[in-house]
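Heads up, the thing below is written out as structure tokens.
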Amino acid sequence: MENLGDDVLASIMIRVHDSASRRSISQVCKQWLRIEGLTRSSVRVFDPNLLLNFLPRFPNLQKFDTSEKITNAHLEILAEKCPRIQILNLNFKKKNRFYDERDESLALDDFDENGLCFIAMGCSHLNTVSLRKRSGVGNAGVVSLVSFLPKLIDLDLSFCDKDYRLWGVEFDAIMLLGGIGFGRMWTECD
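So the sequence shown is residues 1 to 190, counted in full-length UniProt numbering.
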């Protein structure tokens with residue numbers, strides 16, 4: 001049997017949308033594993049500590065999704081290895097009924113504005129960012145996202161902070177972006 005070229009194989013793989021089928025394809029041989037990684041468009045991460053093990057295989061990711069605790073170092077790795085991301089979903093979901101929204105252990109382990117600065121500087125294609133219930137989101141991080149991401153049209157900050165008066169003048173200035181092409185900014189708190 002004649003070997004398939006990378007371009008032919010890639011054009012076949014981008015038509016396979018079922019995740020189980022893509023996993024099967026990637027197990028055929030090393031070439032197919034490599035091409036499957038290059039054509040993968042999204043990934044959902046359940047253990048951010050393993051990012052360095054698999055992110056280099058997916059340089060063309062367009063969507064990154066995790067609801068787990070993720071550190072500044074993890075976001076720096078993401079920005080470095082996957083600069084073409086367009087959709088970043090970091091919405092935090094509570095894992096048990098005893099979770100307190102102001103849980104101090106989450107605040108210590110989770111990313112802050114430095115992590116958002118890594119993303120803003122490294123992922124210039126971002127158009128959608130969701131940061132629901134992330135306690136470390138602050139002025140500098142949001143301002144860096146808005147300042148360095150010209151394609152940003154949707155920013156979800158729901159439930160990040162209960163008191164938006166802390167955001168001050170910068171927050172009011174960001175809200176004005178709705179009038180100049182900035183799509184949606186979600187800031188509900190309850």
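Idealized CB from N, CA, C, for every residue including glycine.
Remember, it's a predicted structure, so these values are computed and weren't measured experimentally.
Contact belief for residue i with residue j at Cβ below 8 Å, rounded distance in angstroms
i             : j                 : result
serine 67     : asparagine 91     : 6 Å
leucine 75    : phenylalanine 118 : 5 Å
leucine 61    : arginine 44       : Rounded, the Cβ-Cβ distance is 11 Å, inconsistent with contact.
alanine 79    : methionine 13     : That pair is no contact at about 26 Å.
isoleucine 85 : leucine 126       : 6 Å
serine 135    : aspartate 110     : 6 Å
First and last residue of the uninterrupted beta strand (DSSP E) at residue i
i          : result
serine 130 : 128 to 130
leucine 88 : 87 to 89
Opening and closing residue of the alpha helix (DSSP H) in which residue i lies
i              : result
asparagine 3   : Element bounds for asparagine 3: n/a, residue is neither H nor E.
glycine 115    : 113 to 122
isoleucine 148 : According to the sequence shown, residue 148 is phenylalanine rather than isoleucine. First-last of the alpha helix (DSSP H) with phenylalanine 148: 139 to 148.
histidine 74   : 72 to 81
glycine 37     : 30 to 39
9 Å Cβ cutoff met for residue i and residue j
i             : j             : result
asparagine 89 : aspartate 112 : no
valine 137    : leucine 157   : yes
proline 59    : lysine 30     : no
leucine 116   : isoleucine 77 : no
valine 143    : leucine 155   : no
lysine 63     : isoleucine 87 : yes
Bridge-paired residues (DSSP) for residue i
i            : result
aspartate 18 : Note: aspartate 18 sits in no beta bridge, so no partner.
Start-end ranges of the alpha helix (DSSP H) lying completely within the region 43 to 69, minimum 4 residues: 51 to 54
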